[in-house]
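See below for the structure under consideration.
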Amino acid sequence: MVAIARTKSCQPIESHPSVRILTLYSNSNYSPLLIPPPYFVSFLLIPPSTRIGRISVAINGDFLLLRLFHFSSSSLFLAAPQRRPVEPYHRSPPPHLLLLVPLFFFFLPSSLRHYLQLPRPRHLRIPPPPPPQRTLARPLAKLPRPVVILVSSDGFRFGYQHKAPNPNLHRLIANGTEADEGLIPVYPTLTFPNHYSIVTGLYPAYHGIINNRFVDPVSGELFTMASHEPHWWLGAPLWEAAADQGLRAATFFWPGSEVRKGSWDCPPRYCQHYDGSVPFEQRVDTVLGYFDLPADEIPVFITLYFEDPDYQGHQVGPDDPQITAAVARIDQMLGRLIDGLEKRGVFEDVTVILVGDHGMVGTCDKKLIFLDDLSPWIEIPHDWVQSTTPVLAIRPPEGVSTVEVVAKMNEGLSSGKVENGNYLKMFLKEKLPERLHYSESYRIPPIIGILEEGYKVEMKRSKSRECGGAHGYDNAFSSMRTIFMAHGPQFERGRKVPSFENVEIYNVITTILKLKGAPNNGSSAFPASILLSSS
Numbered sequence: 001m002v003a004i005a006r007t008k009s010c011q012p013i014e015s016h017p018s019v020r021i022l023t024l025y026s027n028s029n030y031s032p033l034l035i036p037p038p039y040f041v042s043f044l045l046i047p048p049s050t051r052i053g054r055i056s057v058a059i060n061g062d063f064l065l066l067r068l069f070h071f072s073s074s075s076l077f078l079a080a081p082q083r084r085p086v087e088p089y090h091r092s093p094p095p096h097l098l099l100l101v102p103l104f105f106f107f108l109p110s111s112l113r114h115y116l117q118l119p120r121p122r123h124l125r126i127p128p129p130p131p132p133q134r135t136l137a138r139p140l141a142k143l144p145r146p147v148v149i150l151v152s153s154d155g156f157r158f159g160y161q162h163k164a165p166n167p168n169l170h171r172l173i174a175n176g177t178e179a180d181e182g183l184i185p186v187y188p189t190l191t192f193p194n195h196y197s198i199v200t201g202l203y204p205a206y207h208g209i210i211n212n213r214f215v216d217p218v219s220g221e222l223f224t225m226a227s228h229e230p231h232w233w234l235g236a237p238l239w240e241a242a243a244d245q246g247l248r249a250a251t252f253f254w255p256g257s258e259v260r261k262g263s264w265d266c267p268p269r270y271c272q273h274y275d276g277s278v279p280f281e282q283r284v285d286t287v288l289g290y291f292d293l294p295a296d297e298i299p300v301f302i303t304l305y306f307e308d309p310d311y312q313g314h315q316v317g318p319d320d321p322q323i324t325a326a327v328a329r330i331d332q333m334l335g336r337l338i339d340g341l342e343k344r345g346v347f348e349d350v351t352v353i354l355v356g357d358h359g360m361v362g363t364c365d366k367k368l369i370f371l372d373d374l375s376p377w378i379e380i381p382h383d384w385v386q387s388t389t390p391v392l393a394i395r396p397p398e399g400v401s402t403v404e405v406v407a408k409m410n411e412g413l414s415s416g417k418v419e420n421g422n423y424l425k426m427f428l429k430e431k432l433p434e435r436l437h438y439s440e441s442y443r444i445p446p447i448i449g450i451l452e453e454g455y456k457v458e459m460k461r462s463k464s465r466e467c468g469g470a471h472g473y474d475n476a477f478s479s480m481r482t483i484f485m486a487h488g489p490q491f492e493r494g495r496k497v498p499s500f501e502n503v504e505i506y507n508v509i510t511t512i513l514k515l516k517g518a519p520n521n522g523s524s525a526f527p528a529s530i531l532l533s534s535s
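The UniProt record's numbering numbers the first residue of the sequence shown as 1 and each following residue consecutively.
And the structure:
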């Protein structure tokens with residue numbers, strides 16, 4: 001049987017938390033059916049012999065369809081916000097009411113009869129709503145081919161954009177596409193691993209930059225942020241992919257951009273060696289200068305990097321007025337870039353993608369864990385520890401059982417006798433949560449400690465204490481999320497998209513530039529979900 005309930009608007013039931021009760025008759029029992037407002041019943045007919053076992057609900061236009069299924073049990077089961085048992089009445093409905101059924105059909109309005117001609121419930125198929133209509137990508141007006149400017153604002157935590165008016169950031173959001181709840185960084189949420197993941201589409205375990213600083217266990221070499229030897233940097237970053245296909249790329253600071261690899265030789269005209277003292281204005285003006293070149297000399301892919309607001313975040317944490325000022329400065333630089341592109345008549349042709357590499361969380365003295373406090377269970381020599389905060393990475397010498405080290409450390413941390421011990425958990429790297437993608441590289445130490453956000457690890461107690469900010473924590477924490485804002489011919493205006501991992505950006509850019517990308521950890525289907533079709 002089908003009961004039809006009229007509704008004011010076609011909305012899912014889940015959107016109506018409050019309910020009112022309508023009584024259905026079933027054999028000798030009266031059972032309550034919960035109907036959410038704004039629905040009201042205009043027709044309901046249940047034969048007295050029907051024994052109701054289950055009810056499902058669907059929506060067809062302006063009508064709520066209650067599908068009643070006949071089972072051997074007369075009990076009524078219905079998922080509802082509040083499930084309270086209802087005592088059945090112990091009397092049958094008056095038999096003379098059955099005589100009213102033919103009269104009801106006779107006087108039934110013709111408009112309602114139409115709906116009574118629905119197929120039997122098992123044949124009902126409510127079609128899904130049609131997908132939203134999306135326009136095609138805008139054609140280029142001046143440039144001969146697509147150009148992408150990838151801008152990074154280091155340590156730009158998602159939400160910073162709302163700390164002040166920031167008109168240029170909000171102009172980019174209003175006229176482009178934004179990750180609605182932020183961009184998800186890769187683990188560890190550190191600067192070098194994430195910047196290189198953005199331009200390779202690879203997780204750190206696959207592109208090789210597993211931390212800002214680490215030791216290769218085979219060669220014994222130390223990697224630092226000044227290491228430019230090609231053997232450290234795996235994968236094919238976007239500037240290399242462009243160069244390999246005979247196209248120009250330009251980099252104004254980006255981790256890995258100074259590495260000469262493949263067809264990319266970091267040409268002086270198009271590749272700036274990192275110098276943090278270069279004013280932000282000079283960086284923007286250099287990028288704008290590329291658009292004054294002849295059309296065939298304009299790079300198709302350009303990077304632009306700013307250290308702020310990461311620098312301030314480490315000093316004062318994420319909630320200080322200095323952060324607001326630093327974000328306002330980034331907004332000014334974005335405005336300078338947009339104005340320069342508009343003056344050259346190419347802003348609508350150029351794709352501008354603004355991202356961050358990670359977020360920021362406040363840290364303070366009371367959130368410290370000291371490895372020396374574990375001495376009753378296990379001694380952790382300093383030379384075992386390759387990094388402490390926020391990625392505790394331990395590589396014991398050969399012959400020491402890593403399983404035993406992890407077990408003893410976790411025993412001490414969970415004992416209640418180590419200050420803040422419950423906020424650190426040790427793992428063998430192969431036992432880390434799979435979603436972190438942090439086990440496949442031989443460069444990753446065999447023991448990794450995962451901290452709760454805001455907590456830090458130190459070897460031993462010291463007198464110097466200060467509050468500030470940190471990152472590098474589990475990328476599931478919202479505090480580690482950053483921004484994705486994009487404007488260009490293939491980005492829909494004013495669109496919000498669900499959060500996604502930054503390894504997806506690589507395929508988005510290769511799709512825009514029509515480049516053949518290298519194998520990566522992003523989804524080949526992702527660009528179609530975020531870009532307008534070019535044909």
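Where is the CB? At the ideal position from N, CA and C, for every residue including glycine.
Exercise. Exposed or buried, what is L374 when buried is set at 16 or more other beta-carbons lying within 10 Å of its beta-carbon?
Worked result: buried
For this session: Buried or exposed for M176, please, with buried defined as at least 16 other CB atoms from any protein chain shown within 10 angstroms of its CB.
Result: Strictly speaking, residue 176 in this sequence is Gly, with Met absent from that position. So G176 counts as buried.
For this session: Could you check what DSSP says for M459 in three-state terms: helix, strand or coil?
Result: coil
Exercise. Over what stretch of residues does the beta strand (DSSP E) that includes Y196 continue unbroken?
Worked result: Unbroken run through Y196 is the alpha helix (DSSP H), T191 to T200; no beta strand (DSSP E).
Exercise. What residue ranges within the segment 429-458 form continuous beta strand (DSSP E) runs of no fewer than 3 residues, ordered along the chain?
Worked result: 447-451 and 456-458
Exercise. What do you get for T251, buried or exposed, if any count of 16 or more other CB atoms within 10 angstroms of its CB means buried?
Worked result: buried
For this session: Kindly indicate which residue of W254, D372, Q490 and L436 has the alpha-carbon position closest to the one of V457.
Result: The residue with the shortest Cα to Cα distance from V457 is D372.
Exercise. Apart from the five residues just before and just after I338, which ones in its own chain have a Cβ nearer than 7 Å to its Cβ?
Worked result: N168 and F347
For this session: Under 7 Å Cβ to Cβ from S511, same chain only, skipping five residues before and after it: list those, please.
Result: Here residue 511 turns out to be Thr, not Ser, going by the sequence shown. P527 and L531, listed in sequence order.
For this session: Confirm, please, whether the CB-CB distance from I369 to E419 is below 8 Å.
Result: yes
For this session: Name the residue from L515, S529 and N475 whose alpha carbon lies nearest to the alpha carbon of R248.
Result: Selection L515, S529 and N475 evaluated against R248 yields L515 as nearest (Cα-Cα).
For this session: Would you kindly report the start and end of the unbroken alpha helix (DSSP H) that includes V406?
Result: T402 to L413
For this session: Just mark N520 as buried or exposed, buried being the case when its beta carbon has 16 or more other beta carbons within 10 Å.
Result: buried
Problem set entry | Inter-residue Cα distance where the pair is I184 and R283 | 27 Å
For this session: Check M480 in the structure and name its three-state DSSP category.
Result: Here M480 sits in helix by DSSP.
For this session: Determine the direct distance from the alpha carbon of D180 to that of L98, and round the result to whole angstroms.
Result: In this prediction, L98 scores a pLDDT of 49, lower than 50, which makes its location untrustworthy; the coordinate-derived value is nonetheless stated afterwards. Cα to Cα, the separation comes out at about 56 Å.
Problem set entry | Cα-Cα separation, I298 to F291 | 6 Å
For this session: Would you tell me roughly how many angstroms separate the C-alpha atoms of R122 and K496, rounded to the nearest one?
Result: Only weak support exists for where R122 lies, its pLDDT of 37 falling under 50; the value from the coordinates is given anyway. Approximately 38 Å, taken between the alpha carbons.
Exercise. When the Cα atoms are used, what is the spatial distance from P294 to P268?
Worked result: 18 Å
For this session: Classify A226 as buried or exposed, calling it buried when 16 or more other Cβ atoms lie within 10 Å of its own Cβ.
Result: exposed
For this session: Pull up the DSSP beta-bridge partners for W264, would you.
Result: K261
Exercise. Using the C-alpha atoms, what's the distance from R260 back to Y455?
Worked result: Each residue's Cα considered, the two are about 38 Å apart.
Problem set entry | Cβ neighbour criterion (16 or more within 10 Å) applied to S529 | Residue environment analysis places S529 among the exposed positions, since fewer than 16 neighbouring C-beta atoms fall within 10 angstroms of its C-beta.
Problem set entry | Of the listed residues W232, N212, H207 and I210, nearest to S219 (C-alpha basis) | W232
Exercise. Where do the N-terminal and C-terminal ends of the beta strand (DSSP E) with S529 fall, by residue?
Worked result: Here S529 belongs to no beta strand (DSSP E); instead the alpha helix (DSSP H) covers F526 to I530.
Exercise. Mind checking whether L428 and T402 have CB atoms under 8 Å apart?
Worked result: yes
Exercise. Exposed or buried, what is Y305 when buried is set at 16 or more other beta-carbons lying within 10 Å of its beta-carbon?
Worked result: buried
Problem set entry | Where E342 sits in the DSSP three-state scheme | E342 falls in the helix class under three-state DSSP.
For this session: Pair every Cβ in the segment 437-456 with every Cβ in the segment 319-329, then say whether three or more of these pairs are closer than 8 Å.
Result: no
Exercise. CA-CA distance, M485 and L172?
Worked result: 7 Å
Exercise. Does the distance from the CB of residue 542 to the CB of S152 come in under 8 Å?
Worked result: Look at the range of the chain in this structure, 1 to 535, and you will see that residue 542 is not part of it.
Exercise. Bridge partners of Y290, per DSSP?
Worked result: Note: Y290 sits in no beta bridge, so no partner.
Exercise. Taking Cβ to Cβ, would you say T189 is nearer than 8 Å to H437?
Worked result: no
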